[in-house]
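Right, one structure below, let's go through it.
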DNA sequence: TCTGGGGTCCTAGGACCC
DNA sequence: TCTGGGGTCCTAGGACCC
């Protein structure tokens with residue numbers, strides 16, 4: 001918590017719906033719902049006109065239709081949202097370079113570098129109004145709610161207090177009296193599960209929470225969460241505004257209107273998703289070592305399976321192949337409603353650099369370290385044949401060693417073995433390009 | 001026919017190493 | 001030979017956020 005109110009939080013009001021109303025004047029003043037329109041879609045954003053009918057974010061579109069049948073139901077136009085978001089972030093960066101976007105419609109701004117002179121309430125309000133005006137101009141009339149306070153937590157709570165189109169400044173020293181009467185769910189990280197645990201312990205408000213000892217909180221909700229809650233209940237929050245946050249994972253998933261039962265269809269869908277993930281990785285110059293699939297069964301139980309490569313990849317056939325073999329482990333006979341593929345353990349360099357950089361620590365289980373050669377011969381994902389092991393594909397390669405994952409059509413994925421890259425027992429057996437055709 | 005999609009962070013257990 | 005403890009990496013699942 002800072003001595004001065006110098007953290008600002010800005011939240012665009014009903015952002016997706018507002019962009020739709022801006023771009024299509026016939027929708028202005030009318031209920032608009034943006035979200036999935038399929039049988040299993042949910043509401044992403046409801047305009048304030050639609051909220052009057054009880055339509056809320058995360059509600060199923062089916063229920064939203066029941067509550068407000070005359071609303072316009074639209075799927076998102078993410079290009080337009082991204083473009084508009086960029087314009088908003090540019091307005092914020094003109095005030096201070098320290099802007100941390102949380103999503104397309106939300107950001108923190110650290111006002112410390114802004115030349116504000118005094119941080120008295122009048123100056124802060126003027127700054128907030130100036131920003132809101134700037135956003136309106138840059139976006140063709142979108143409104144935003146702004147909160148200013150001594151920490152991220154307080155700024156965020158403040159921006160929520162006078163929505164929509166509001167501005168609230170919480171001056172230093174007034175934080176705890178503001179928070180105490182509020183329900184524990186104002187604290188970021190307290191969702192339904194945590195709120196229920198706290199409720200059972202008789203803790204409802206922030207004031208209640210403040211009386212609970214650190215040990216007791218840790219016992220209730222775990223180490224990390226407990227210490228966080230203990231501090232936030234006292235408005236203690238020193239989290240910095242971080243303009244550059246690194247991407248940790250990239251994923252694509254889809255929920256299907258009817259449950260999937262056909263394994264070959266699932267394989268095809270995973271293959272297509274793997275291609276989309278690889279494309280996004282490449283676009284951002286990323287690659288990753290851990291491939292994860294996500295499977296949601298008909299009864300909503302959600303499973304994940306993952307595997308970690310010896311070196312990072314952005315190669316679609318490799319990701320697809322691993323995803324498909326991970327699916328083999330799962331019993332999907334009851335039907336699958338969601339399938340997804342993700343890559344994590346990201347590096348901002350690609351595998352080729354393994355060959356040019358100095359030797360990494362990591363060792364292979366086959367010893368001979370030859371001079372780095374064969375770069376193009378053993379590309380990840382490439383199909384290979386071993387005289388004894390049979391068919392497999394390149395899982396990773398580097399430093400004169402190629403790691404192969406063997407599999408057969410009959411038995412599925414098999415063992416992983418490493419060989420010297422010049423092993424006469426190992427040969428490519430067909431070009432990999434036939435792989436990856438979606439169903 | 002309740003329950004999206006893209007993320008982040010945490011926990012807990014096992015393997016493995018020192 | 002037995003007893004341990006700590007650290008790191010990996011996997012699976014869950015809570016949470018917008």
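In full-length UniProt numbering, the protein residues as written are 1 to 439.
For each residue, glycine too, the CB sits at the ideal point set by N, CA and C.
Predicted, not measured: the structure shown is a model, and the values here were computed from it.
{"Check": "Per DSSP, residue 419 forms a beta bridge with which residues?", "Outcome": "402"}
{"Check": "In the DSSP output, what is residue 252 paired with across the bridge?", "Outcome": "341"}
{"Check": "Please classify residue 78: is it buried, with 16 or more other beta-carbons within 10 angstroms of its beta-carbon, or exposed?", "Outcome": "exposed"}
{"Check": "Per DSSP, which residues does residue 397 bridge with? Please list them.", "Outcome": "402"}
{"Check": "From 48, 401, 10, 22, pick the residue whose C-alpha is nearest to that of residue 140; which is it?", "Outcome": "22"}
{"Check": "Quick check: residue 10 and residue 127, are their CB atoms within less than 9 Å of each other?", "Outcome": "no"}
{"Check": "So, are the CB atoms of residue 316 and residue 169 less than 9 Å apart?", "Outcome": "no"}
{"Check": "Between the C-alpha atoms of residue 104 and residue 193, what's the straight-line distance to the nearest angstrom?", "Outcome": "27 Å"}
{"Check": "Give every residue of the same chain whose Cβ lies closer than 7 Å to the Cβ of residue 124, excluding the five residues on either side of it in the sequence, and list them in chain order.", "Outcome": "5, 148, 169"}
{"Check": "By DSSP, does residue 359 sit in helix, in strand, or in coil?", "Outcome": "Any reading at residue 359 must be qualified, since the residue scores a pLDDT of 43, below 50, and its modelled position is unreliable; the value itself is stated next. In the structure shown, residue 359 sits in coil (DSSP, three-state: anything other than H, G, I, E or B)."}
{"Check": "Quick check on residue 3: buried or exposed, where buried means 16 or more other Cβ atoms within 10 Å of its Cβ?", "Outcome": "exposed"}
{"Check": "Is residue 163 helix, strand or coil when you go by DSSP?", "Outcome": "coil"}
{"Check": "Under DSSP, the beta strand (DSSP E) around residue 94 begins and ends at which residues?", "Outcome": "Here residue 94 belongs to no beta strand (DSSP E); instead the alpha helix (DSSP H) covers 78-95."}
{"Check": "Check the C-beta distance from residue 257 over to residue 65 and give it rounded, since I have them as a contact under 8 Å.", "Outcome": "15 Å between Cβ atoms; not a contact."}
{"Check": "When DSSP labels each residue in this structure, what does residue 100 get in the three-state scheme?", "Outcome": "strand"}
{"Check": "With distances taken between CB atoms, is the gap from residue 446 to residue 380 smaller than 9 Å?", "Outcome": "With the chain covering 1 to 439 only, the question about residue 446 has no answer from this structure."}
{"Check": "Three or more C-beta pairs closer than 8 Å, one from the region 88-101 and one from the region 58-75: is that the case here?", "Outcome": "no"}
{"Check": "Leaving out five residues on either side along the sequence, give the residues of the same chain with a beta carbon under 7 Å from the beta carbon of residue 363.", "Outcome": "Per-residue confidence for residue 363 stands at a pLDDT of 37, beneath the threshold of 50, marking its modelled position as unreliable; no derived number is given."}
{"Check": "Express the C-alpha separation of residue 268 and residue 261 in angstroms, rounding to a whole number.", "Outcome": "13 Å"}
{"Check": "Whole beta strand (DSSP E) runs in the region 30-63 with 3 or more residues, listed along the chain?", "Outcome": "32-35, 43-46"}
{"Check": "Report the rounded CA-to-CA distance for residue 427 versus residue 85, giving the unit in angstroms.", "Outcome": "51 Å"}
{"Check": "Does DSSP put residue 294 in a helix, a strand or coil?", "Outcome": "strand"}
{"Check": "Which class does residue 226 belong to by DSSP, given the choice of helix, strand or coil?", "Outcome": "helix"}
{"Check": "For residue 76, which of 47, 31, 20 has the nearest alpha-carbon?", "Outcome": "20"}
{"Check": "Given a threshold of 16 other Cβ atoms within 10 Å of its Cβ, counted over all protein chains shown, does residue 283 qualify as buried or as exposed?", "Outcome": "exposed"}
{"Check": "What number of angstroms, rounded off, separates the C-alpha of residue 405 from the C-alpha of residue 328?", "Outcome": "15 Å"}
{"Check": "Just to confirm the assignment, what range does the alpha helix (DSSP H) spanning residue 128 have?", "Outcome": "121-139"}
{"Check": "Mapping DSSP to helix, strand and coil, what is residue 311?", "Outcome": "strand"}
{"Check": "Taking all protein chains shown into account, decide if residue 58 is buried (16 or more other Cβ within 10 angstroms of its Cβ) or exposed.", "Outcome": "exposed"}
{"Check": "Counting C-beta neighbours from all protein chains within 10 Å, is the total for residue 321 16 or more, i.e. buried, or is it exposed?", "Outcome": "buried"}
{"Check": "Below 7 Å CB to CB, which residues in the same chain sit around residue 136 once its five sequence neighbours on both sides are set aside?", "Outcome": "142, 143"}
{"Check": "Report all residues from its chain with a CB closer than 6 Å to the CB of residue 250; omit the five preceding and five following residues, and keep chain order.", "Outcome": "277, 280, 281, 343"}
{"Check": "Could you name the residues of the same chain whose beta carbon sits closer than 6 Å to that of residue 304, not counting the 5 residues immediately before and after it, in chain order?", "Outcome": "292, 294"}
{"Check": "Using C-beta distances below 8 Å, list every residue in its chain close to residue 234, excluding the 5 sequence neighbours before and after it, in chain order.", "Outcome": "176, 210"}
{"Check": "Once you ignore the five residues that flank residue 80 on each side, which residues in its own chain have a CB closer than 7 Å to its CB?", "Outcome": "19, 23"}
{"Check": "Using a threshold of 9 Å, state whether the C-beta atoms of residue 160 and residue 184 are closer than that.", "Outcome": "no"}
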